[in-house]
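Using the working numbering, read the sequence shown as starting at 22 and increasing by one per residue.
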Amino acid sequence: MSKLLNYIGGITLITPLIYMFLTHEILRNNTLIQMSILLSIIGYVVTLFMIPSVKGLCEGAGLWGKDLNKGEAGQKMKIPESLGIVPGVVYIVCVCFLQEMFQDKTKHDLYIAGLFCTCFMLFLGFADDVLELRWRYKLILPTLASLPLLTTYSGLTAVVIPKPLRAFEFFQSIATTIGDNVWMLELGILYKVYMLLVSVFCTNTINILAGINGLEVGQSVVIGLSILLHNFIEFEAGNEQHLFSIVCIIPFIAVSLGLLYYNWYPSEVFVGDTFTYFAGMTLAVTGIMGHFSKTLMLFLIPQWMNFVISLPQLFKIIPCPRHRIPKFNQQTGLLESSKNWTLLNLILEITGPLKESTLTYIMIVFQVLCCALGFYIRYIYSTYYYD
């Protein structure tokens, strides 16, 4: 019952944002967004009802794990794993239906390429759960999965030069000026390399900031809501390229909320690499195709922090065990730092031992605060550097 109340409470917190979105004039005048919301509601319900059936199939197929953060009790329980396959498949079906309604036929190739990238990473994530791929493949496979998006991308490959750099003769010589205030630097193929790095980073970053109930899905929902709000602001300002991102991120939030109900503490299912890869690539695709990849990086501040902290272990400078999660103290029932180099362990070093549910709450609140900081940087602080 407490889990249900926590879940309802979480949904209630985002109700003002949902209400603002549903009652806005843009929604009333845009059939595509209306259809996206309708399909998202259906996708949410389907996800809720499918997971109980599919989790039995996963457990029967040997796709299960033990909850290491529950002590001896967790060691005795079999928790079905790889349940990220359910919201992933439901999401792809929703987006396929929406693709048929897209009026701008010139963008169909790009739309299908983005869908293919997401589908490919969902498949690779499930393969990773089954085959337990090595880390080097986790860098190579997202690179391959991103190729369809890169080859079909036909948008701008230039970036705006910040004001402080315009005083240097080097940038004056290579910049293209548009009017009096806009200085553009054409990157060409380097911009696509940047897009590739964004895809690889997003795909893996959700995966390495994990290890406690509800964290992977919870952070993805917060980032997804931030993306939706950002796109809503930009679309209202007349930036039509954000429509695709709005249409694609709404079903993602919906199916993720369906999964979160079962993955929240105490977790009934594990999402596996299937969900983390699917979520990361979906966020990357919406950011790239919506032309706001820099803003997307601002919403990933906790993930950047965790990545930087983890570098010594990721590069084997410091021994890196398979599981870098906090350790469970059987006597106190609390999680303690395992001395591994992760953001979770750093927080436990600062706060001391915590309940797993409390640590999850702290991480989700921290994600919300960092996304709020991202909005501040994007819409207020950046005006000092860009016109």
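Glycine is no exception: its CB is placed at the ideal position from the N, C-alpha and C atoms.
Considering only V111, M122 and I338, the residue with the shortest C-alpha distance to L143 is V111.
Secondary structure at K348: strand, using DSSP grouped into helix, strand and coil.
Assignment of G86 by DSSP, reduced to helix, strand and coil, places it in the strand class. Taking one beta carbon from each stretch, the region 304–317 and the region 77–95 have fewer than 3 pairs nearer than 8 Å; the two do not touch.
A distance below 8 Å between beta-carbons, with the five flanking residues on each side excluded, links F299 to the following residues of its chain, in chain order: G105, P108, G109, Y112, T139, M142, L143 and G146.
Here DSSP, grouped into helix, strand and coil, assigns M71 to helix. Here T52 has M122 as same chain residues with Cβ atoms under 8 Å from its own Cβ, once five neighbours each way along the sequence are excluded.
Rounded to the nearest whole angstrom, the C-alpha separation of I401 and Q262 is 22 Å. In terms of CA proximity to L162, T224 leads the group V389, T224 and N252.
Within the DSSP bridge table, the entry for A196 names no partner. Annotation: the region 236–281 contains the following complete segments of the alpha helix (DSSP H) (minimum length 4 residues), in chain order: 236–257. Put simply, the backbone Cα of I274 is about 45 Å away from that of S194.
Of the candidates T226, I63, V180 and V203, the residue whose Cα lies closest to the Cα of G209 is V180.
Assignment of I182 by DSSP, reduced to helix, strand and coil, places it in the coil class. For V203, the enclosing beta strand (DSSP E) begins and ends at V203 to E207. Each of G232, W204, E80 and Y397 was checked against the Cα of Y286, and the nearest Cα belongs to G232. Contact annotation: the region 342–352 touches the region 226–245, with at least three C-beta pairs closer than 8 Å. Around the Cβ of C117, a 10 Å sphere holds fewer than 16 other Cβ atoms; the residue is exposed.
Where E357 is concerned, the enclosing beta strand (DSSP E) starts and stops at L355 to E357. In the assembly as shown, M98 is an exposed residue. Its beta-carbon has fewer than 16 other beta-carbons within 10 Å.
With respect to F291, L280 sits apart: the two C-beta atoms are not nearer than 8 Å. Note on I62: under 16 other CB atoms within 10 angstroms of its CB, so exposed under the neighbour-count rule. Using a Cβ distance threshold of 8 Å, S277 and I248 do not count as a contacting pair. Note on geometry: alpha-carbon atoms of F137 and S220 lie some 13 Å from one another. Here the alpha carbons of E80 and I182 stand approximately 53 Å from one another. Across the structure, L186 and L171 are spaced so that their CA atoms are roughly 29 Å apart. As computed with DSSP, P342 is found in no beta bridge at all. The DSSP-derived three-state label of L375 is strand.
Under the three-state reduction of DSSP, P169 is assigned to helix.
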